[in-house]
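Visitor:
Residue numbers (this note's numbering): 10 to 147.
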């Protein structure tokens with residue numbers, strides 16, 4: 010492994026001690042950016058990683074010999090993957106719980122309405138489709 014990659018791994022670990030797991034950190038950033046930009050849909054965690062990488066890319070274009078920017082760029086790739094991986098695991102657990110608890114369409118539609126109105130749902134793209142169908146029926 011190259012020195013740069015080793016340093017980026019260490020940087021992600023150190024930032025994790027300061028800011029928490031990349032999933033939680035990127036989730037906060039996504040929520041803040043969505044509010045600031047007033048987007049019609051929430052910014053996704055993997056999009057945060059891409060945008061953070063774009064910041065580093067812009068800096069590298071200006072100063073290609075600045076080593077720390079390259080370390081940070083590699084770190085953002087790693088942190089983005091860790092965040093995306095954890096998000097996928099959370100969505101899979103939620104989907105599994107959902108499937109276990111709601112067997113029939115009528116159960117789903119009646120029992121999920123409070124979750125939709127509380128803002129706790131949807132958790133993934135498939136669930137978003139269900140939410141849209143329910144909203145269309147209401």
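The beta carbon of each residue, even a glycine, is placed where N, CA and C say it ideally should be. This one's a predicted model, so the numbers in the text were calculated from it and none came from an experiment.
Residue 84: buried (16+ other C-beta within 10 angstroms of its C-beta) or exposed?
Guide: Buried, by the Cβ-count rule.
Visitor: Please classify residue 58: is it buried, with 16 or more other beta-carbons within 10 angstroms of its beta-carbon, or exposed?
Guide: Buried, since its Cβ has 16 or more Cβ neighbours within 10 Å.
Visitor: On the DSSP letters alone, give me the boundaries of the alpha helix (DSSP H) that residue 31 sits inside.
Guide: Residue 31 -> alpha helix (DSSP H) spans 31-46.
Visitor: How long is the line joining the alpha carbons of residue 50 and residue 40, rounded to whole angstroms?
Guide: One C-alpha to the other measures close to 10 Å.
Visitor: To the nearest angstrom, report how far apart residue 81 and residue 105 are at their CA atoms.
Guide: The straight-line gap from Cα to Cα measures roughly 36 Å.
Visitor: Spatial neighbours of residue 61 within its chain, please: CB distance less than 7 Å, with the 5 preceding and 5 following residues excluded, ordered by chain position.
Guide: Here the set comprises 85.
Visitor: Who are the near neighbours of residue 42 in its chain, counting only those whose CB is closer than 6 Å to its CB and skipping five residues on each side?
Guide: Cβ within range, chain order: 52.
Visitor: Only counting the same chain, and skipping five residues up and downstream in sequence, which positions put a Cβ closer than 6 Å to that of residue 88?
Guide: Contacts found: 21, 31.
Visitor: Measure the C-alpha to C-alpha separation of residue 69 and residue 78 and round it to an integer number of angstroms.
Guide: Distance between the alpha carbons of residue 69 and residue 78: 6 Å.
Visitor: Taking residue 11 and residue 54 to be in contact with their CB atoms under 8 Å, please state how far apart those CB atoms are, rounded to whole angstroms.
Guide: Between residue 54 and residue 11 the Cβ distance is about 27 Å, and since that is not below 8 Å, they are no contact.
Visitor: By the 10 Å Cβ neighbour count, where 16 or more other Cβ atoms means buried, how is residue 109 classified, buried or exposed?
Guide: So residue 109 counts as exposed.
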